[in-house]
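Have a look at the structure below before the remarks.
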Amino acid sequence: MTKGHATSNRRDVVVIGAGASGLACAIAAARAGRQVVVLEAAREPGRSIRVTGDGRCNIANAGTQAQVYRNAAFVGRAFDACAPEEALDFLRSTGIVMREEGQGRLYPQANKAASVVDALLWAARRAGVRIACGRRVERVAPQQNCWRVECADGQALVARVAVICAGGALPAGMLPPRVPVLPARPVLGPLACDGAPRQWDKLRAKCALSCGGFREEGEATFRTYGVSGIAAFNLSRVARPGDEIAIDFLPELDLAATRDFLASRLATLAPCTWGEFCCGMLLPLIGRETISRAGLDPRAAAAPAGLAVFGRMLRAFPLTVTGIGDASRCQVHRGGIDVAAVDPASMQVAAPGRLFACGEALDVDAPCGGFNLHWAWTSGLIAGKAVAQR
Ligand SMILES: Cc1cc2nc3c(=O)[nH]c(=O)nc-3n(C[C@H](O)[C@H](O)[C@H](O)COP(=O)(O)OP(=O)(O)OC[C@H]3O[C@@H](n4cnc5c(N)ncnc54)[C@H](O)[C@@H]3O)c2cc1C
C-alpha cells in the first residue's frame, strides 16, 4: 500500500469525474448491470454542466458530424460505434426533453442546465450508481490486474475497471507514465489581439471574423484585450499568436456590391463629412476608428477618391492575435490523452489493464453549438457499454 493511503476498498468500476461524460458512462455501465462508483472532486456532481450555455445548456447538436471535431477520423470511428442520434436517445431515456434552436442547437425544454443535471442524477440513482463527492483523485496506477485509485484525502480504491472522465485539465502525474498525454491549453474563448481600439471596450457589433480559411459571422464584443463572442471563441481554436484577423463590418455584401453600395450611398448623402457618411451605417466609435485607420479625416468632406481605401478598412479591419484573452472563459481544453492510444469503438486506452477515458480528457474538441457536450455523452456511452463487457 502506498504510504499515506490508509484504506483499500475493492470495486468493480470506478469512474473519475461526475461531469457530462462521467455521468453518461456511469449510467450506461450501471444499466448494463455493473456496480459503479463515481469519484467527484467537487462538493456536488454535475457542476460543470450547470454553467454550460450561460446556464441554459446547449446540450447537443441535431446536425453533429465528425468533421466539426479535432481528430475527426477518430471521432468518425467513435460515431460508427455510437451514432450521434444514440446520444440523443440516451438523454431522452433519462427524461430530458429537448427543443431545437438555430443551426441544430439543442436545449433542454426547461431552458435550464440544472434540469439536465437533475434528470441525469435521477437516472444515475435509478440505475444504482454511487457518487462520492469531495473525492479528488490524484493518481491511477496499475495494481495486480486492477487499478489503484488514490484520492487527495488519503483514501484509495482498487477497481477492476477505471474510467477517466475528469475533463480537460488532467492533473500532472494522475495517469500511468505509459499513457500518452499531450499538454493541455484552453481554447474556445476570447482572443487577445494587438490593434483593438481601447475605446471599443464592451462594444458589440455584428460582423464577420476571418483568419486564413476561417470565416464566421456573428456578434463580436470588443474588449481592451481583444475580441470576444461566439465567432471569436470558434476562431480561438484555429488562430495562433501572430496571425492576422480581418473584421468585416459589412459581412452580407461581396466586394463588388460593397463598392456599388458605398458609391450610391455617397451619391445620396453628399455633401457630407466622412463622419456623417458613417452615420446610420456603423456605430459612431467604429465609424470614427475605421475612417482614421483608413487615413481619412472624419471632419473632411467625403469624396469618391476615398471610398476604395475606406471600403477596404470596413471589410478587413486588422487585428493581430497574441493569444487567449481570458483563459477563465474558455469552454474546453485542447490536448489531453492522445487519441492514437485509444480505441474509438470502446474508449479503452492502450495500457495494461482495463483503463478507459472519455469526454474532454481526450484530445477532442469542437466549436460552440452543443458539439462538445454531444461528444461527452457519446464517448461516455461508448465507454459505459464497453466497460460492461470487460
Ligand atoms: C462556461 C462553459 C460553458 C460551456 N457551454 C457549453 C455548451 O453550452 N454546450 C456544449 O456542448 N459544451 C459547452 N461547454 C463545454 C462542455 O462543458 C465540456 O465539453 C463538457 O462538460 C466536457 O465533459 P467532461 O465529462 O469531459 O468534463 P466535465 O463535464 O468538465 O466533467 C469533469 C468532472 O470531473 C471532475 N474532476 C476533475 N478532476 C478530478 C479529479 N482529479 N478527481 C475527481 N474528479 C475530478 C470535475 O469536477 C467535473 O465534475 C462549456 C464549457 C464551459 C466551461
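So for the sequence shown, this note's numbering puts the first residue at 152; every next one is plus one.
C-beta: ideal position from N, C-alpha, C; glycine also.
Following the DSSP letters along the chain, one finds T409 inside the alpha helix (DSSP H) bounded by residues L406 to L420. Secondary structure note for C297: its beta strand (DSSP E) is the uninterrupted segment C297 to C302. Rounded to the nearest whole angstrom, the C-alpha separation of G214 and Q294 is 43 Å. Cα atoms of E289 and A317: separation of roughly 11 Å, rounded to the nearest angstrom. For F384, the three-state secondary structure derived from DSSP is helix.
Taking the Cα positions, G363 is about 26 Å away from R256. Here A478 is near P337, since their CB atoms are less than 7 Å apart. Counting only the Cα atoms, V538 lies some 23 Å from V268. Within the chosen limit of 6 Å, ligand 1 reaches the beta carbon of Q482 through at least one heavy atom. Here the stretch 348–356 lies against the stretch 371–380, with 3 or more beta-carbon pairs under 8 Å apart. DSSP, read as helix, strand or coil, puts A313 in strand.
In this structure, N209 has its CB closer than 6 Å to one or more heavy atoms of ligand 1. With a threshold of 16 other beta carbon atoms within 10 Å, A234 falls short and is exposed. In chain order, I210, A211, L239, L242, R243, L257, Y258, P259 and Q260 place their CB closer than 8 Å to the CB of M249, counting only its own chain and leaving out the 5 sequence neighbours on each side. Around the CB of Q254, fewer than 16 other CB atoms lie within 10 Å, so the residue is classed as exposed.
Excluding sequence positions up to five before and after G476, its CB lies within less than 6 Å of the CB of P341, L342, A343, Y376 and G377, all in the same chain and listed in chain order.
7 Å or more divides the Cβ of A492 from the Cβ of C509. In this structure, the C-beta of I533 stays at least 6 Å away from each heavy atom of ligand 1.
A contact between stretches requires three or more CB pairs, one per stretch, nearer than 8 Å, and the stretch 307–323 fails this requirement with the stretch 427–447.
Three or more Cβ pairs closer than 8 Å define a contact, and the stretch 269–280 falls short of that threshold against the stretch 214–223.
Per DSSP, reduced to three states, the secondary structure at C429 is helical.
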